[in-house]
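Residue numbers (full-length UniProt numbering), protein chains in the order written: chain A, 1 to 221; chain B, 1 to 229.
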């Protein structure tokens, strides 16, 4: 028993990726146990390791934690990435939930019928550019600080960077009209723990490849 | 100006209902402004009050809070319904995550076609009785305490009661195999603030009807079809 958090998921981004990002940003080393076939999931279920029969599951501090938000809240709280008081937490939560919505929209493109994918993606990118990114640009402009909340790195910054990079994979020039988000991206990417996570060979996962889809679907269905 | 929290939403449950429950459980009086027309919504949008152009919106402690989960987290912490430390919070968050997923299946129910409603009803009951209720039944059985976490009333208890009542509206005897949950339901329902909220005339909203669906569609211009799970 190493004492490091142990992540149980498939070898893909999915719902585990924000957790990988947050642990990495906090400088916490973690292990991963990948589900490769349906039996791997079944085994966790029969062992009673999954409170609601679902992954993500993270073994951390003697707990088998499930529910992505619960896990993220715990890590953020433990590693001081959750603001200094209730009001900062309120801001962080608002910002993070907005980004989670955008992330969900992007991920849902994967499940769209083939003939609807392109149109759906266009709608999502439009939302990124008109509903979400302007908010964070305005926040940064309003206080002129490097970080979204309380002049200090928090989970909101980590999540924002993750989301920017995700959207850029679909539209590389998405930040063209957002100068402050561009400099935010540059500065945050340079934070040592994050810089390390962005380098090849880290535990950051790549976008799903078409060829992996059947195998992944088979594990869950 | 401290004042009472003010809730901006439709006159119906939707995503605001869990917030009403939590404020009520905490004994916090609140005001409500109901969205009935597209014009009201556009006015709200133009005022810049909606961070992501969406409701729920709750004005509380000088903030215009959006994002249901952010609002619930804030209220829970402020009124000491979020456990005493990080580990209790972790348990509460896990339990609330489960009941939120369960209630999520019910959230879209009013927007479904009649045929899909029947399918969804069966789906909700199946998930409730095979995936979710057994978890909370076991938690209560294992520690034998009155509340889910830390032998102390928390957000997790409020959320579970809300979920139980919502599923019972879909199948009234859904708790028949869950004696711990039956006792839990009776206990939590008799907590004074909750008892009051469960009485007629409170700000608790009824089961959504066609009028509610029509209002939401009209105000949000949400005319596309919603699919069942």
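We put the beta carbon where it would ideally sit given N, CA and C, even for glycine.
| message | Across the segment 44 to 63 of chain B and the segment 12 to 28 of chain A, are there enough close Cβ pairs to call them in contact, namely three or more that are closer than 8 Å? | response | no
| said: Could you check whether the Cβ of residue 225 of chain B sits closer than 8 Å to any Cβ belonging to chain A? | reply: no
| Of the choices B/166, B/113 and B/182, whose alpha-carbon is the least far from that of residue 138 of chain B? | B/182
| Hey, which unbroken runs of the alpha helix (DSSP H) at 4 residues or more fall wholly within the segment 43 to 96 of chain B? | 68 to 78
| request: Could you say which of A/219, A/56, A/194 and A/134 lies nearest to residue 203 of chain A if we only look at CA atoms? | output: A/194
| field | Per-residue contacts from residue 86 of chain B into chain A (C-beta, under 7 Å) | value | 74, 77 and 78
| Partners in chain B for residue 97 of chain A, counting only beta-carbon separations shorter than 7 Å | 67, 69 and 70
| said: Run through chain B and tell me which residues come within less than 9 Å of residue 135 of chain A, C-beta to C-beta. | reply: 51 and 52
| task | Determine, using beta carbons only, whether residue 125 of chain A and residue 184 of chain A come nearer to each other than 8 Å. | result | no
| field | Within 8 Å, strictly: CB atoms of residue 51 of chain A and residue 135 of chain B | value | yes
| request: In angstroms with no decimal places, state the Cα-to-Cα distance between residue 37 of chain A and residue 11 of chain A. | output: 11 Å
| message | Is residue 52 of chain A close to chain B? Criterion is C-beta to C-beta, closer than 8 Å. | response | yes
| message | Tell me the DSSP secondary structure of residue 34 of chain A in three-state form. | response | strand
| What does DSSP give as the partner residues of residue 141 of chain B in its beta bridges? | DSSP, once it has assigned bridges, lists no residue as partnering residue 141 of chain B.
| Neighbour-count burial assignment, residue 110 of chain A, 16 or more Cβ in a 10 Å radius | exposed
| With a cut-off of 8 Å, do at least 3 Cβ pairs link the segment 23 to 40 of chain B to the segment 56 to 67 of chain A? | no
| field | Minimum Cβ-Cβ distance from residue 132 of chain A to chain B less than 8 Å | value | yes
| query | Considering only residues of the same chain and omitting the five flanking positions on each side of residue 217 of chain B, which have a CB-CB separation below 7 Å? | reply | 223
| Are the C-beta atoms of residue 171 of chain B and some chain A residue less than 8 Å apart? | no
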